[in-house]
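Asks: Once you've had a glance at the structure underneath, I'll fire off some questions.
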Amino acid sequence: MKRYGKAILLAASALLSLAAFAQQTGQSGTQHPSYTGSLRVQENLSAQQYQAMAKVSMQDAIKAAQAALNSTATPTKVKLGVENGYLVWEVVIAGQEVKVDAGNGKVLHQEAVGAEEDNDGESEGEND
6 MKRYGKAILL AASALLSLAA FAQQTGQSGT QHPSYTGSLR VQENLSAQQY QAMAKVSMQD
66 AIKAAQAALN STATPTKVKL GVENGYLVWE VVIAGQEVKV DAGNGKVLHQ EAVGAEEDND
126 GESEGEND
């Protein structure tokens with residue numbers, strides 16, 4: 006019986022540790038993949054406030070995304086939002102999602118559309 010008690014105690018301890026880790030990760034506000042931008046912003050501002058803070062225009066973000074993809078295709082989605090606490094342009098071109106830093110125009114990340122789950126930290130500044 007002592008053997009089962011130790012196993013149960015060990016399993017319960019592991020579950021508590023996992024739950025604490027999950028709670029801490031959920032509260033940190035980081036997204037995956039994690040990257041660092043140049044314009045740190047709060048996540049509760051309006052689309053107009055984000056637009057005023059962006060140093061890179063929507064057109065320049067599109068050009069940066071097109072250059073990263075070596076494409077001249079027209080984007081199907083362009084959205085200014087907050088990811089990992091930084092202001093970024095999300096540009097979707099030819100099935101690829103490109104994250105462009107709204108402060109300096111640097112491409113922070115690119116991946117196939119749908120490879121990353123949408124997060125609640127994005128602004129509503131969508132331009133289709």
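Heads up: the sequence shown begins at 6 in this note's numbering, then just goes up one per residue.
Cβ atoms here follow ideal geometry from the backbone N, Cα and C, with glycine treated the same way.
Everything numeric in this text was worked out from a predicted model, so none of it was measured.
Reducing DSSP to helix, strand and coil, say where glutamine 47 ends up.
Replies: Residue 47 sits at position 42 when you count from the first residue of the sequence shown. Three-state result, glutamine 47: coil.
Asks: By DSSP, does lysine 82 sit in helix, in strand, or in coil?
Replies: The count along the sequence shown starts at 1 and reaches residue 82 at position 77. Three-state result, lysine 82: strand.
Asks: Could you tell me which residues DSSP pairs with histidine 114 in its beta bridges?
Replies: For the purposes of this step, residue 114 is taken as residue 109 along the sequence shown, with counting starting at 1. DSSP lists Lys104 as partners of histidine 114.
Asks: Going by beta carbon distance, what residues of the same chain come within less than 7 angstroms of glycine 100, once the five residues before and after it are set aside?
Replies: In the sequence shown, counting from the first residue as 1, residue 100 sits at position 95. Once the five neighbours on either side are set aside, the close Cβ partners of glycine 100 are Ala117 and Val118.
Asks: Decide if alanine 69 is buried, meaning its Cβ has at least 16 other Cβ atoms within 10 Å, or exposed.
Replies: Residue numbering aside, residue 69 sits at position 64 when the sequence shown is read from its first letter. Buried.
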